[in-house]
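Q: If you're matching positions, the sequence shown starts at -5 in our numbering and goes up one per residue.
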Amino acid sequence: MFRRAGALVLCAALLVASAAESALAQRRKSAPPAPQSGDRRDQVVTAPGTPWHGRPYWLAMAQCGGFYFRLGNLYAEEALRVRAAKPDPAAAAEFNRRAEIAGRSAATFLDVAERFLSTDRGLAQEAAIHAYDGQVASAEKLKTVQAVLKAAESCPALHETCRTAVPKICGEKSAARTLPARFAGPGALRHTRAGDHSGGAQAGGTRT
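(1) What does a CB cutoff of less than 7 Å around residue 105 pick up in its chain, not counting 5 residues either side in sequence?
(2) Straight-line CA distance for residue 85 to residue 33?
(3) Residue 50 bridges to which residues according to DSSP?
(4) Does the distance from the CB of residue 111 to the CB of residue 46 come in under 8 Å?
(5) Taking the CB atoms as reference points, tell me whether residue 57 and residue 140 lie closer together than 8 Å.
(6) Give me, in chain order, the residues of the same chain whose beta-carbon lies closer than 6 Å to that of residue 55; leave out the 5 immediate sequence neighbours on both sides.
(7) Return the first residue and the last residue of the alpha helix (DSSP H) that residue 111 is part of.
(8) Report yes if the CB atom of residue 151 is closer than 8 Å to the CB atom of residue 61, and no otherwise.
(9) In three-state terms, what does DSSP make of residue 142?
(10) Using 8 Å for Cβ pairs, my map puts residue 157 next to residue 164. What's the rounded Cβ distance?
(11) Between the Cα of residue 70 and those of 109, 82, 89, spot the shortest distance and give me the residue it belongs to.
(12) For residue 27, count neighbouring C-beta atoms within 10 Å of its own C-beta (all shown protein chains included) and say buried if the count is 16 or more, exposed if not.
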């Protein structure tokens, strides 16, 4: 019963991810050309020494959203692979949990990107979504969990910078987490101490 229920949950996660990717592809195909990434109206990140310094907030947030979206898909795929190749319910459950965390993080960043596009450029929701789709899609070139974790490692700090600089848009706490690389594969999970599934620190240093 437990295995069947777990498999159904994981399949549902992959179906949702697949549907989301299909929706993104459909919007890119049918919508008008997206606005250029540079615009005088865009609020930009002021964080010297970081990869985001000088970039429009909406673009940086969309890139981070893309990283977490990609990470969620990879974790969900890994959970299914673990169950199919060599059943390991504990590892699969942890991968699935991390896929959910990544999904919430993606939603946080993409929502903020949409708000910036609405505030700075006056774009309606659908136009804003189409504007950042390209940034989300760019994360698809990252093929491994480790590569995505590396790309996203500065994203929680970006959100914290935004909360300080533009609280009206980024005021709420982020779901973004720094996910330890030791959880990047089932082998690492098998050597993890029982109960040690902290999920990493949230942006802002708190845990849920």
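Ideal placement from N, C-alpha and C gives every residue a C-beta, glycine not left out.
A: To lay it out plainly:
(1) none
(2) 45 Å
(3) 38
(4) no
(5) No; because the gap between Cβ atoms is not below 8 Å, this pair is not in contact.
(6) 103, 106, 107
(7) Here the alpha helix (DSSP H) through residue 111 covers 83 to 115.
(8) Going by beta carbons, residue 151 and residue 61 fall outside the 8 Å limit.
(9) helix
(10) 5 Å
(11) 89
(12) In this prediction, residue 27 scores a pLDDT of 43, lower than 50, which makes its location untrustworthy; the coordinate-derived value is nonetheless stated afterwards. An exposed status is given to residue 27, since fewer than 16 other beta-carbon atoms sit within 10 Å of its beta-carbon.
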